[in-house]
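If you read the sequence shown in full-length UniProt numbering, its first letter stands for residue 1, the second for the next number, and so on.
Note that CB positions come from ideal geometry on N, CA and C, so glycine has one too.
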Amino acid sequence: MSASKLFVVLFLLPFFLLGGITQQGIAEAESTNRIDTDEVILVAGATGRTGNLVVQQLKSLGYKKILGMTRSKERAISNFGSETEWVEADVRDLESLRKTFKGVDRIISAIGRSREPGNGSEAVEYKGVKNMVDAATENGVKILVLTSSAGITEEDNELNRILDNVLVWKFRGEEYLRESGLNYSIVRSGGLKPEIPGAKYGIYFSQGDDSRAGQISIEDVASVLIEAANNPDAHRKTYETFNYITRYPAAWPSTFAILEKD
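This is the structure in structure tokens:
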């Protein structure tokens, strides 16, 4: 991204404000004019922190056909209830994805490694993403929105040491998606802050993988993922997202247009 564009994203955006109107309200107003709430949208990793927030926000936007993907429907219903339509599949199992992705229009992925045996960084962050890309391509999915991490290209990042090269494998997953031909949007979030409510601060985007830029409310990440699935200006782009502390949150969805395509 050119220096001038980055300046616009980071510094000028907060001054395009609508006093007293929250960024969530603005985002919903902008998005609602584009989205087709009759489309089938699947959330992979729907029982995780980010994924479950995505599901809840999709419901609030009026989506009628939301599929929450989980490895165990029984456990998902026990933990989150039966109001969500749960579908059972495992990103490590390509055949299960091929079946589950039939008839799906858009996918938001919030999957992540865990400490469970066989569920490590390579298996989930790379091979799991690869399987999702292949199954989505075969089924004609319109877009796959992938949750990733700021700092992903920093080989000496501490996360690689303590989580078996998690960022290395995440980057390989990103690369596979970018080169696949499938339509995509890759959201590299800053440090997740579950204690910060959504729509409290502004949201900004950058490119170039600067992990020092900050942190972001996990609720805001969910909002960005949903907007990315529906906003053509976010497609075929990789970008970081962070909170920007301003007096009033800004209308951030339109700033996707400033970002450069991969």
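Problem set entry | Pro232 to Ala135 span [Cα, whole Å] | 22 angstroms
Exercise. When you compare only the Cα positions, how much space is there between Ile107 and Thr153?
Worked result: 25 angstroms
Problem set entry | Enclosing alpha helix (DSSP H) for Gln56 [first to last residue] | Arg49 to Ser60
Problem set entry | Residues near Ile21 in its chain [Cβ-Cβ closer than 6 angstroms; skip 5 each side] | Residue confidence is low: Ile21 scores 33 on pLDDT, short of 50, so the model does not pin down where it sits. Its coordinate-derived value is still stated next. The answer is none, since no qualifying residue turns up.
For this session: Let me know if Ala89 comes out buried or exposed under the rule of 16 or more other beta-carbons within 10 Å of its beta-carbon.
Result: buried
Exercise. What residue ranges within the stretch 98-172 form continuous beta strand (DSSP E) runs of no fewer than 3 residues, ordered along the chain?
Worked result: 106-109 and 143-149
Exercise. Is Asn230 helix, strand or coil by DSSP?
Worked result: helix
For this session: Give the DSSP bridge partners of Trp86, in chain order.
Result: Gly68
Exercise. Thinking just about the alpha-carbon of each residue, which of Arg236, Ile258, Ser114 and Arg115 is nearest to the one in Glu179?
Worked result: Arg236
Exercise. Excluding five sequence neighbours on each side, which residues of the same chain lie with their C-beta closer than 7 angstroms to the C-beta of Thr70?
Worked result: Ala46, Thr47, Ala76, Trp86 and Glu88
Problem set entry | Alpha-carbon to alpha-carbon, Gly208 and Gln215 | 16 angstroms
Problem set entry | Option in Val40, Trp169, Ser60 and Ser82 with minimal Cα separation from Val100 | Position check: residue 100 holds Thr in this sequence, whereas Val was assumed. The residue with the shortest Cα to Cα distance from Thr100 is Val40.
For this session: May I have the straight-line CA-CA distance separating Ser82 from Ile226, to the nearest angstrom?
Result: 22 angstroms
Exercise. Which of the three DSSP states, helix, strand or coil, is assigned to Asn243?
Worked result: strand
For this session: Consider the C-beta atom of Val166 and the heavy atoms of the ligand COA; say whether any pair is separated by less than 6 angstroms.
Result: Summarising the ligand content, the structure contains no ligands, and the ligand COA is consequently not present.
Problem set entry | Straight-line Cα distance separating Ala110 from Lys142 | 17 angstroms
Exercise. Does DSSP put Ile77 in a helix, a strand or coil?
Worked result: helix
Exercise. Going by the CB atoms, is the gap between Leu182 and Val133 shorter than 7 angstroms?
Worked result: yes
Exercise. Do you know whose CA, among Glu116, Glu138, Gly112 and Thr137, lies nearest Tyr126's CA?
Worked result: Gly112
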